[in-house]
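Residue numbers 48 to 745, in the numbering used here, belong to the letters of the sequence shown in order. Beta carbons are placed, not taken as given, at the ideal position from N, Cα and C, and that holds for glycine. Input: a single structure, listed below in structure tokens.
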Amino acid sequence: MKAIDRPFTKIINGTTQFIIPVFQRDYSWTESHCEQLWKDILQIATDPADRGHFLGSVVYVSTGDSAAGFTRWLLIDGQQRLTTLTLLLTALRDHIQDSGWKGGDDGPTAKRIDAYFLKNVQETGAREHKLVLRGHDHATLQALLDRQDPPATVSERIRDNYEFFRRRLADVDPEQLYRGIDRLIVVDVTLDRGTDDPQLIFESLNSTGMDLSQSDLIRNFILMRLPEREQTRLYETYWRKIEELFRGSERTFDAFVRDYVALRTQASKQDRADEIYFAFRRVFGSIGSEPEGLSGLLGELLRFARYHAAFSVGTGPPQPLAEPLARLRRQIDVPATLVMRLFDCHDRHKTLTDAQFIDALGLIESYVFRRAICGEQTRGYWQVFANLAYRLDAEKPFESLAVGLSRQRGNYRFPGDDEFLKALEERDMYGKRVCFELLARLENHGSKELTDTSKYSIEHIMPQNEQLLPDWRTMLGNDWRDVQRQWLHRLGNLTLTGYNSTYSDRSFADKKTIRGGFSESSVRLNRFVRECEVWTPVQMERRGKELALRAQSIWPPLLVEKSLVDAADEEEMRAVAKSRDVAKVTMSVKARVLFEHLRRKIAEVDEDIIELAETNSVSYHGPTFFLEVLPREHRINLLLALDFNEINDPTGIAKDASQKKFFVNAVHEGGVNIPIHEPADIDEAMPMVRQAHAVASA
């Protein structure tokens, strides 16, 4: 690597060409950047000390296909500065040519600017221009350099910044500007393709991560070490298509990479948004620069990008899946990892039919929606859906998804019908983020003539105004304030309308009979309302129950055979048991001797018994819990999953565990406690251990 300070004009002058690699981002400098550069150039042009102005670094490496008298470089760093200066020089050339300005013998002319800084005048075709940008950036720049009509798709930044300089030049002496440009100094960094690693140097130059997006960094990491021809091939074949999927949704692209890396590594936590590049590099740091290996990686990236984009931004999903994906996306975006996995089973493994895929999306939507209605927490959802994706069985994906959802317990359980209906009927719905979705789906479910609800708003049939009109007070009775407070935001009192401002706080009779009122409303949700003569808790309760039952059919319950759930629980428990070491459970010497003796006896009962090392105890399952061994200083305690009145204990060794509030270090609950002091006690306890196992395996 060679790094020296040089005037900018010495770098660009000569028979040379700088190519912006395909892995680089588009030109992105704004007018404010151009304004600052313009001021800097004019200021140094008038500096009496003739000092230079440091502009930054320009880092480049040979393309490897230069010819005698002509050198081509891949620009690694400095694209924004070099492009902006090219636009400034182009504007200066055109200003001189159009205005007929004449300067001194050493001053700028249109011919000199063209020959020194813009074009290789002895070359033709692809070699003619000194700077070659990416895609539509280059097409617009080339049109400016050649003074031709702009292309059909114009790069707005290229065009706007050129026009900015043209406007500024109207009030400036071209010779002064030319002098300022000549005083620009850059750090000229030339890399040796066989020795220097462009990626490492690029990372050091952009270590703050402020200028480049995460997708920029990842693209550079994959393509930068390749020869220019391979860069172009892989970019056009794969990366450009990935970019197009997320164009205008760069943050979603970052989310895609995060979810893809998580799926590949089965990550236990979500990476931060500003560390996605480092996560990608950590996983794929050994991919090297072999085009074949990179083709495989990019091919898989493109496939999963299509899956992610179909869900997260609605780009090109298969038609049967478009609406189910959109419904789920309206509620939540974090199941993207799971949706990608389902797509993989659908497309690659062919183990998920269209109908099953739609049902799977419906299950996920129902899970999320029911929990939202019931007020359950959403924090931690990303990990919930990521774990479901990791555990999805590619041979039977729908079944394993249903089992996985049914095994979400505690704070992440799938709400049942009773809980769901109760919440819909008795809780306030108006403040929930899913309220509009609830009403919109209730409006259109089961109909082939869908109502466009996008321009509707939520209407309270009984008004929100705390000072209800006398008609309302009379209708609701003396306790109208309590009635309003209790029923105002419940489902039974909510509907959709395009006449929200018209309805306002009017009486119920007026709301029915005014123009556009409930009596002539085409909204299906209002059919019940227009048939009512009064609007009291009786009508609100009845309507709420009817709508709740309809919602139950839209967001159905989870129905899974218990045997499948039990089998999955057992499989996971066996996996956990294999990962733990009973020898690491702390015990005294005497307790360890007693435990090992008991352990041999338990092994004789059934070879399929699961032995699980807990933090400070050992539990046994067959497949459900039946015994926990609690080590003590001079004994061990056995905690059996039996009621005390059920046991057959002729020796009287067992004790009623319910008489104690808790057992130290116990993870499980049991009704029988048997203290073991000597090996003989184990022989007396074993019939009860077998009894507990028989119950657990029944």
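Taking just the CA atoms, how far does HIS100 sit from LYS288?
40 Å
Does DSSP classify THR255 as helix, strand or coil?
Here the model assigns THR255 a pLDDT of 38, short of 50, so the residue's position is not dependable, and the following value carries that caveat. Three-state result, THR255: coil.
In chain order, what residues of the same chain have a beta carbon less than 6 Å from the beta carbon of ALA383, not counting five sequence neighbours either side?
ASP306, HIS355, PHE358, SER359
I need the boundaries of the beta strand (DSSP E) containing GLN64, first residue and last residue.
63–66
Report yes if the C-beta distance between ALA407 and VAL607 is below 8 Å; otherwise report no.
no
Give me the Cα-Cα distance between LYS631 and ARG679, rounded to the nearest whole angstrom.
15 Å
Kindly indicate which three-state DSSP category TRP76 falls into: helix, strand or coil?
coil
What whole-angstrom Cβ distance do PHE709 and LEU687 have, given they're in contact under 8 Å?
16 Å between Cβ atoms; not a contact.
By Cβ distance, which residues of its chain are closer than 7 Å to PHE432, with the 5 residues on each side in sequence left out?
VAL381, PRO382, THR384, LEU385
Does LEU121 come out as helix, strand or coil in the three-state DSSP assignment?
strand
If you check the beta carbons only, do LEU677 and ALA704 fall under 8 Å apart?
no
Note down, in chain order, each residue of its chain lying with its Cβ closer than 7 Å to the Cβ of GLU442, except the 5 sequence neighbours on either side.
THR398
7 Å CB neighbourhood of ALA138 in its chain, flanking five on each side removed
TYR209, PHE212, ARG213, LEU216
Give me whichever residues DSSP pairs with ASP475 in a beta bridge.
ARG537
Going by other Cβ atoms of all chains shown within 10 Å of its Cβ, with 16 needed for buried, is THR542 buried or exposed?
buried
Environment of ALA470 [buried if 16+ CB atoms lie within 10 Å]:
buried
With a 10 Å radius around its C-beta and 16 neighbouring C-beta atoms as the bar for buried, classify GLY478 as buried or exposed.
exposed
My guess is that THR560 and GLU506 are in contact by the Cβ rule of under 8 Å, so how many angstroms apart are they, rounded?
THR560 to GLU506, Cβ: 16 Å. No contact.
Out of SER554, GLN533, SER501, point me to the one whose CA is closest to LEU516's CA.
SER554
Count the other CB atoms, across all protein chains shown, that sit within 10 Å of the CB of THR187; report buried if there are 16 or more and exposed otherwise.
buried
Restricting to Cα atoms, I'd like to know which of HIS681, GLN706, SER333 is closest to PHE691.
GLN706
Taking 8 Å as the cut-off, decide whether the C-beta atoms of ALA92 and ARG230 are in contact.
yes
Within 10 angstroms of its Cβ, does MET257 collect 16 or more other Cβ (buried), or is it exposed?
A caution first: MET257 carries a pLDDT of 40, below 50, which makes its placement in the model too unreliable to give a value.
Opposite ALA660 in the DSSP bridges: which residues?
VAL665
Exposed or buried, which one is LYS502 when buried takes at least 16 other CB atoms within 10 Å?
exposed
Could you tell me whether the region 727–737 touches the region 692–699, using the rule of 3 or more Cβ pairs below 8 Å?
yes
Considering only their Cβ atoms, is the gap separating SER333 from PHE300 smaller than 8 Å?
no
Beta-carbon proximity list for GLY116, same chain, < 7 Å, skipping 5 on both sides:
THR62
With distances taken Cα to Cα, identify the nearest neighbour of THR77 among PRO155, GLN195, LEU136, ASP207.
ASP207
How big is the Cα-Cα spacing for ARG520 and ASP552?
12 Å
Sheet register partners of ILE505 (DSSP bridge):
LEU543
Extent of the continuous alpha helix (DSSP H) to which ASP16 belongs
Here the chain covers residues 48 to 745 and nothing more, so residue 16 does not appear.
So what does DSSP say about PRO54, is it helix, strand or coil?
strand
In the DSSP output, what is HIS176 paired with across the bridge?
LYS166
Of the listed residues TYR459, MET387, LEU368, PHE268, nearest to GLN403 (C-alpha basis)
LEU368
Cβ atoms of TYR107 and LEU264: under 8 Å apart, would you say?
no
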